[in-house]
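All remarks here apply to the structure that follows.
There are 2 protein chains.
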Amino acid sequence: MERIFTLKHQDRNGKARTGVLSLPHGEVDTPVFMPVGTAGTVKAMYHKTVADIGYNLILGNTYHLYLRPGTDVLSLFDGLHAFSNWGRNILTDSGGFQIFSLSKLRKIYEDGIKFQSHIDGSRHVFTPEKVVDIQQCIGSDIAMCLDICSAPGIDKKKTMKAMDLTHAWAERCINRRDSLLEETGRAFRGNLFGICQGGFYEDLRIQSAKTISQMDFPGIAIGGLSVGESKEEFKHFLAVAADACTHEKPRYVMGIGTVDYILEAVENGIDMFDCVLATREARHGTVFTDDGMLNLSRAFNEKNSGPISEGCTCTACTHYSRAYMRHMFKAGEIYGAMLASEHNLTYLYNFMLRIRQSIEEDRFESFKNEYMARFYANGGLCKN
Amino acid sequence: MERIFTLKHQDRNGKARTGVLSLPHGEVDTPVFMPVGTAGTVKAMYHKTVADIGYNLILGNTYHLYLRPGTDVLSLFDGLHAFSNWGRNILTDSGGFQIFSLSKLRKIYEDGIKFQSHIDGSRHVFTPEKVVDIQQCIGSDIAMCLDICSAPGIDKKKTMKAMDLTHAWAERCINRRDSLLEETGRAFRGNLFGICQGGFYEDLRIQSAKTISQMDFPGIAIGGLSVGESKEEFKHFLAVAADACTHEKPRYVMGIGTVDYILEAVENGIDMFDCVLATREARHGTVFTDDGMLNLSRAFNEKNSGPISEGCTCTACTHYSRAYMRHMFKAGEIYGAMLASEHNLTYLYNFMLRIRQSIEEDRFESFKNEYMARFYANGGLCKN
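Chains as they are written, first to last, in the numbering used here: chain A, 1 to 384; chain E, 1 to 384.
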């Protein structure tokens, strides 16, 4: 199997590392934050703006894209890149997590998951093979296996059963990937990542990380984190899983996007993460600053002629005051969501640049400590 | 009084004409369509995109801006240009029309209009003088007098009373404009336009047009049209009012934005018009094409890999298919509203270019006839 990850530098004082992912639509510096474009658009953003910021790897969502526009439409365009006119890399999740959180009814059985669409109640089945096929149709540069996520509080027996099924499905995904050329005349276009699970049990986390690491995957995701557990549990099980995973492949933690969780992940040697938080919060008028999250609707912004964040290069910070941004949100203007989304993605892109630089200079730990001290000086909220 | 309008060319076969408006923030070719940016933003559009299309005169709304963000905030920025970072021209309406359509309660008396905010029910008064002052605070390049609009069906006595008050208020607006330097230390920054009314009575329309034309205004608006009357009535009273207005000043018809009404206005020698329709329809997925209005959500777009409109230079038409645009609206994505708004404003900008060119070449009438025949071939709807 081809290796897609090249280590650039390991911080000499810890596990944090920089590297490069070599993907079909270009190279990606890691650690990387990936914006989420669920339905083939990063919400309230021109694709051009996302690219101009510097992002070259964004997410799409298999569950959403399968339901709408559907694989028949995507096939006409030979996938999501042409359909959405995004010439850079796309990672798609397997849809398993969305089935759990969005679909009306779902039932896991040996062969896959039955569920009803959250849009129209229509009935569907996702099997490991089908999920590979859908992502082949999408043309994902990084595709994910179908997995089963075990939330905190689920007993060990059930968690183990879900883990074992996740492992069996991982093998089935690999088999489908490897037989596509023969069975369809076209080899798999992307890089299939395995997902390790194991819930909130140390031995299962280690077992799953090792099992998935040994399989024929070019990259590994750590699933089932940031699903309702405490921050202490998150930190503990992240460290357990990250340590047990192979370090030769890129490691991806799914669904994290707050600065503290990103720093925690990087500290554990994680290379990739994604989250809807940056754009969702933006649409509600909450933006990142070095001094914590800023709620633009708050009254103290009313006559503030300064930018959201000094030195930020986004359109909001170079063209508009906090007073104008507050006005946009008070007036319910879409432009507020557009500008705040651009700001948050610009902020996180630059945040990752700062993280990578600190690793290259072997000072990630001090960067993290200084950043956290300032960001959380007011409990994580920017208050003036 | 300074003249702001220079006639370039009068179509030798009719009343349609081209010209140039000389305004504080640059020249504007006429006939001109002006996008509406009610609250200091053209909805779902980057200001940069609005400027890149070519627009150099947009609307703001006195009523909305007065209520939110308020003149105290606007004063901090010395007006809307800096507050909204729009370096080109801004026209503001007087707020009279919005008081009628939006505010909870309103009462007209000799001195002005009392009303309650549609946002929080707070009580306010607009007088002719106050409306001039607010627009001075906004820094409008073109400001409008406070007027009273008479809808069809209002009896002649009431219409005449409203007209007479509109004329008296016009004089008061002029007086306030001319005393600003002495009373506030700063001369009026913009160009105050008078508004003629007269409802749906020929003699009153003519009387009002002549009265307002003789006053010391650099431009004239024809108000009280497109307020519920039939298209035949609109055409008739537009022609009556336009003919009775001075032809030496720019003439502006408020609130029209469909292609047939724009063509009708141009045919009558009108130089300026505005409407929210282009951006409002866009947010609901309806876009302009030469073959009529296209509802992007309709099923026939599902697998259409072609653009909204061949040859259009907007982001939607150069980057995305109708299938993608439909997907955006079916999925409720803001990006759909952004792209469709950009398309509609690009379309109307180019539509005005075509109109101006046809006038320069003395073939406006044939342009209008050919355009209308194609646009209305299917009742004004693009069906494939």
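The beta-carbon is built from N, C-alpha and C at its ideal position, and this holds for glycine as well.
Model, not experiment: these values are computed from the prediction.
Where residue i and residue j are concerned, what is the direct C-alpha to C-alpha distance, given to the nearest angstrom?
i: Gly255 (chain E); j: Phe97 (chain E); result: 10 Å
i: Asn385 (chain A); j: Gly336 (chain A); result: With chain A covering only 1 through 384, there is no way to say anything about residue 385 (chain A).
i: Arg322 (chain A); j: Tyr55 (chain E); result: 26 Å
i: Gly60 (chain A); j: Arg68 (chain A); result: 12 Å
i: Ala39 (chain A); j: Leu165 (chain E); result: 55 Å
i: Asp271 (chain E); j: Ala241 (chain E); result: 14 Å
i: Phe193 (chain A); j: Met352 (chain E); result: 53 Å
i: Met293 (chain A); j: Arg356 (chain A); result: 22 Å
i: Lys156 (chain A); j: Gly380 (chain A); result: 35 Å
i: Thr92 (chain A); j: Ile58 (chain A); result: 9 Å
i: Met34 (chain E); j: Cys275 (chain E); result: 7 Å
i: Lys140 (chain A); j: Asn191 (chain A); result: Residue identity differs from the one stated: residue 140 (chain A) is Ser in this sequence, not Lys. Near 8 Å, if we compare the C-alpha coordinates of Asn191 (chain A) and Ser140 (chain A).
i: Lys8 (chain A); j: Gly306 (chain A); result: 38 Å
i: His284 (chain A); j: Ala299 (chain A); result: 15 Å
i: Phe200 (chain E); j: Gln214 (chain E); result: 21 Å
i: Lys15 (chain A); j: Thr279 (chain A); result: 29 Å
i: Ser297 (chain E); j: Leu146 (chain E); result: 40 Å
i: Asp120 (chain A); j: Glu333 (chain E); result: 18 Å
i: Arg186 (chain A); j: Asp216 (chain A); result: 19 Å
i: His118 (chain E); j: Gly70 (chain E); result: 14 Å
i: Cys314 (chain E); j: Val50 (chain E); result: 11 Å
Please identify the residue among the options whose C-alpha is closest to the C-alpha of residue i.
i: Ser101 (chain A); options: A:Gly87, A:Leu165, A:His81 and A:Val227; result: A:Val227
i: Thr18 (chain A); options: A:Thr315, A:Glu267, A:Pro218 and A:Leu348; result: A:Glu267
i: Ser230 (chain A); options: A:Pro250, A:Val287, A:Ala151 and A:Glu248; result: A:Ala151
i: Asp260 (chain E); options: E:Gln136, E:Glu248, E:Ile108 and E:Glu232; result: E:Glu232
i: Asn295 (chain E); options: E:Asp141, E:Gln116, E:Phe329 and E:Gly153; result: E:Phe329
i: Gly257 (chain E); options: E:Gly269, E:Leu277, E:Val287 and E:Ala265; result: E:Leu277
i: Trp169 (chain A); options: A:Pro218, A:Leu105, A:Ile113 and A:Ile119; result: A:Ile113
i: Glu2 (chain A); options: A:Lys249, A:Ser213 and A:Met163; result: A:Lys249
i: Asn301 (chain E); options: E:Asp29, E:Cys312, E:Met325 and E:His284; result: E:Met325
i: Ala239 (chain A); options: A:Ala209, A:Gly219 and A:Ile174; result: A:Ala209
i: Leu80 (chain E); options: E:Thr318, E:Ile142, E:Ala44 and E:Arg106; result: E:Ile142
i: Ile99 (chain E); options: E:Leu74, E:Val125, E:Leu76 and E:Met160; result: E:Val125
i: Val20 (chain A); options: A:Ile138, A:Ala51 and A:Gly219; result: A:Gly219
i: Glu202 (chain A); options: A:Phe237, A:Thr211, A:Cys173 and A:Ala187; result: A:Phe237
i: Tyr66 (chain A); options: A:Asp133, A:Asp11 and A:Leu23; result: A:Asp133
i: Leu348 (chain E); options: E:Gly332, E:Ser297 and E:Asp290; result: E:Asp290
i: Phe188 (chain E); options: E:Ile308, E:Glu360 and E:Ile174; result: E:Ile174
i: Glu310 (chain A); options: A:Thr346, A:Phe115, A:Thr279 and A:Ala331; result: A:Thr346
i: Glu264 (chain A); options: A:Leu146, A:Leu225 and A:Asp111; result: A:Leu225
i: Ala340 (chain A); options: A:Ala282, A:Asn304 and A:Gly198; result: A:Ala282
i: Glu360 (chain E); options: E:Lys161, E:Phe234 and E:Asn13; result: E:Asn13
What first and last residue would you give for the alpha helix (DSSP H) that runs through residue i?
i: Gly96 (chain A); result: Gly96 to Leu102
i: Gly336 (chain E); result: Ile334 to Glu360
i: Ala239 (chain A); result: Lys231 to Ala244
i: Cys196 (chain A); result: That residue, Cys196 (chain A), is in no alpha helix (DSSP H); its beta strand (DSSP E) goes Asn191 to Cys196.
i: Ala299 (chain E); result: Counting along the chain, Ala299 (chain E) falls outside any alpha helix (DSSP H), and DSSP gives it neither H nor E.
i: Ile206 (chain A); result: Glu202 to Gln214
i: Ile262 (chain A); result: Val259 to Glu267
With which residues is residue i paired in a DSSP beta bridge?
i: Thr159 (chain E); result: Looking at the DSSP assignment, Thr159 (chain E) forms no beta bridge with any residue, so it has no partner.
i: Val28 (chain A); result: A:Leu21
i: Ala221 (chain A); result: A:Ile195 and A:Tyr252
i: Arg68 (chain A); result: Bridge partners of Arg68 (chain A): none, in fact.
i: Asp120 (chain A); result: DSSP output for Asp120 (chain A) lists no bridge partner at all.
i: Ile108 (chain E); result: E:Ile113
i: Val287 (chain A); result: A:Leu294
i: Leu7 (chain E); result: E:Gly19
i: Asp147 (chain A); result: None, per the DSSP bridge assignment.
i: Leu74 (chain A); result: DSSP, once it has assigned bridges, lists no residue as partnering Leu74 (chain A).
So residue i is in the beta strand (DSSP E); what residue range does that whole segment cover?
i: Cys275 (chain A); result: Met272 to Cys275
i: Pro35 (chain A); result: Val32 to Pro35
i: Met293 (chain E); result: Gly292 to Asn295
i: Asn369 (chain E); result: No beta strand (DSSP E) contains Asn369 (chain E), which is instead part of the alpha helix (DSSP H) from Phe364 to Phe375.
i: Leu57 (chain E); result: Leu57 to Asn61
task: With 8 Å as the C-beta to C-beta threshold (strictly closer), list the residues of the region 94–115 of chain E near chain A in chain order.
output: Residues passing the 8 Å Cβ filter: none.
query: When Cβ atoms are compared, which residues of the region 71–94 of chain E fall closer than 8 Å to chain A?
result: Asp72, Val73, Leu76, Phe77, Phe83, Ser84 and Asn85
query: Between the region 319–335 of chain A and chain E, which residues of the former have a C-beta closer than 7 Å to a C-beta of the latter?
result: His319, Tyr320, Ala323, Tyr324, His327, Met328, Lys330, Ala331, Glu333, Ile334 and Tyr335
message: Please list, in chain order, the residues of the region 19–45 of chain A that have any C-beta partner in chain E closer than 9 Å.
response: Thr38, Ala39, Gly40, Thr41, Val42, Lys43, Ala44 and Met45
task: Identify each residue in the region 154–165 of chain E for which the Cβ-Cβ distance to at least one residue of chain A is less than 9 Å, and report them in chain order.
output: none
message: Please list, in chain order, the residues of the region 304–316 of chain A that have any C-beta partner in chain E closer than 8 Å.
response: Cβ contacts with chain E: Ser305 and Thr315.
- prompt: Using a beta-carbon distance cut-off of less than 9 Å, what residues from the region 279–297 of chain A approach chain E?
  reply: Correct list: Arg283.
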